[in-house]
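In my numbering, the protein residues as written are -13 to 379.
Given below as C-alpha cells:
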C-alpha cells in the first residue's frame, strides 16, 4: 500500500512539474506573440504645426510603420508635407516635394501635396450647367477654373480624427463646404481618410454627400521624386500607365471632347518608358502642355480598384504603384516649376523636379456629355479609393 501511495505521489509531482513548464511555455509564447504584434504597430503622432493669420491652429500628424515608411499630413489643405520610404539599401528618404513651414504653404504654390476639390483639374471658362441653371466659378487659370478655385480644398482647415488598428493606422479628415462656396451649389460634407499599412501602402479614401445637386471630383496632388534628390529632374523616372487612350486638349488645356488612341504617340506608356524619352518630341499635345499635363483614360473601368500606373527610379530602386477605381489619371511632369520656390534644405525646386499621378475623372466633365458623370445628388454617396504602394526592385 505504501508503495502504491509513493507511486501516486511521484506521478502527481511529475504532473505538477509538467504543468508548470507548460504554463511557462504558454506564457513565453503569449509574450512572444505580444512582442510580434507590437512590432507590427503603425503609429500616429500629433504635433502643433502653426497658426493661420485667422488664429486657426494647424496640426501635423505623422503616420509611421515598422518598414521604414512615414507620412506627415497637416490639417491645412490635408497636405502630405512629407513622405519617406526606403531605397534599395534600406535607407528611408524624402520622396515628395514640400516646404518647412505653414507660412510657405499658405503662399501661392502649385498645390504641393494638397487635397483638391470640389473639382480637380479644369472647367472650361469657369462655367457649367445643372438642371438648366448655369453656375459661374472663379477664373484662376485663365480662361478656365482650376482645382476648385483660388480658395479650394487645398486652402481650408480640415478637422482630424485618428484611428489605430495594429498593422495600419488612419487619419480621417473632414470638411464641410458651404452652399455656393467658390461658386459650387450644395452643402458638401467631405471625408478623406489616409491609411498607412505595414506593407508600405498609403490608401486615400474619399467620401462626400450633398444636400443639393452638385459636381465633385476629388484628388491628391503630391509631387514625387523617387530619387530623393530634388536637385535632379524626374526625366529618368520610368513610367507605366495602363491606358489605351488619352484625353486630348485644346490650347487652354480643355478637352476637345474626343478620345485619342495612344499607339505610336509619345503618350504610350503601356510598356515602361522613361519620362524624358519623348517629352521633347514634336507633338501638338506636348506643345500645348509644355510636356505631359494630360489625363489618360484608364482601362478596365468596370473592375473597381485596379492597377493604373507606376513610377520607378532605377538609382534608388524605389517603385511606386498606383491603384484606383477612378476612370482617369493625370500625369503632370512639373512643367511649370520655375526655380522660385524653396526646397526644404536650401536651393529651389527647378523645372520638372517632381511628377504627379492624380487619379480623377476627366477634365471639364460637367461640360462634356460623353464623359463619365461627376454629378452628385442628395441621397447619393460619393466614394472612391486610391492606393499608393511603395516597394523596391
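Every residue, glycine too, gets a C-beta built ideally from N, C-alpha and C.
Express the C-alpha separation of residue j and residue i in angstroms, rounding to a whole number.
| i | j | result |
| --- | --- | --- |
| residue 222 | residue 307 | 17 Å |
| residue 265 | residue 232 | 15 Å |
| residue 51 | residue 376 | 13 Å |
| residue 151 | residue 69 | 21 Å |
| residue 246 | residue 275 | 16 Å |
| residue 172 | residue 304 | 42 Å |
| residue 378 | residue 72 | 8 Å |
| residue 32 | residue 90 | 20 Å |
| residue 111 | residue 220 | 32 Å |
| residue 337 | residue 76 | 29 Å |
| residue 368 | residue 63 | 20 Å |
| residue 291 | residue 87 | 35 Å |
| residue 189 | residue 268 | 37 Å |
| residue 317 | residue 92 | 25 Å |
| residue 339 | residue 253 | 20 Å |
| residue 255 | residue 282 | 10 Å |
| residue 237 | residue 347 | 20 Å |
| residue 176 | residue 138 | 13 Å |
| residue 126 | residue 240 | 14 Å |
| residue 311 | residue 224 | 23 Å |
| residue 181 | residue 243 | 36 Å |
| residue 380 | residue 192 | Past the edges of the chain, shown from -13 to 379, lies residue 380, and the structure says nothing about it. |
| residue 164 | residue 85 | 29 Å |
| residue 140 | residue 261 | 27 Å |
| residue 325 | residue 95 | 12 Å |
| residue 99 | residue 113 | 27 Å |
| residue 212 | residue 61 | 25 Å |
| residue 178 | residue 160 | 7 Å |
| residue 131 | residue 124 | 6 Å |
| residue 248 | residue 133 | 26 Å |
| residue 370 | residue 66 | 19 Å |
Buried or exposed: which applies to residue i, given that a residue is buried once 16 or more other Cβ atoms fall within 10 Å of its Cβ?
| i | result |
| --- | --- |
| residue 166 | exposed |
| residue 58 | buried |
| residue 287 | exposed |
| residue 147 | exposed |
| residue 42 | exposed |
| residue 28 | buried |
| residue 120 | exposed |
| residue 299 | buried |
| residue 258 | exposed |
| residue 56 | buried |
| residue 53 | buried |
| residue 229 | buried |
| residue 322 | exposed |
| residue 135 | buried |
| residue 381 | Because residue 381 is not part of the residues shown, which for the chain are -13 to 379, the question remains open. |
| residue 349 | buried |
| residue 279 | buried |
| residue 162 | exposed |
| residue 328 | exposed |
| residue 313 | buried |
| residue 39 | exposed |
| residue 128 | exposed |
| residue 250 | exposed |
| residue 295 | buried |
In this structure, does DSSP put residue i in helix, strand or coil?
| i | result |
| --- | --- |
| residue 127 | strand |
| residue 223 | coil |
| residue 41 | coil |
| residue 139 | helix |
| residue 351 | helix |
| residue 212 | coil |
| residue 169 | helix |
| residue 19 | Here residue 19 scores only 45 on pLDDT, less than 50, and its place in the model should not be relied on; the value that follows carries that caveat. Three-state result, residue 19: helix. |
Report the partner residues of residue i according to the DSSP bridge assignment.
| i | result |
| --- | --- |
| residue 77 | Note: residue 77 sits in no beta bridge, so no partner. |
| residue 203 | 105 |
| residue 146 | 159 |
| residue 374 | 188, 308 |
| residue 193 | 177, 369 |
| residue 47 | 32, 59 |
| residue 344 | 316 |
| residue 362 | 200 |
| residue 328 | 334 |
| residue 72 | 78 |
| residue 88 | In DSSP, residue 88 forms no bridge with anything. |
What are the complete alpha helix (DSSP H) segments, minimum 4 residues, inside the segment 239 to 326? Correct list: 270 to 275.
Give, in chain order, every unbroken run of the beta strand (DSSP E) that is at least 3 residues long and sits entirely within the segment 91 to 122. Every unbroken stretch of the beta strand (DSSP E) spanning 3 or more residues and falling wholly within the segment 91 to 122 is given here in chain order: 100 to 102, 113 to 116, 119 to 122.
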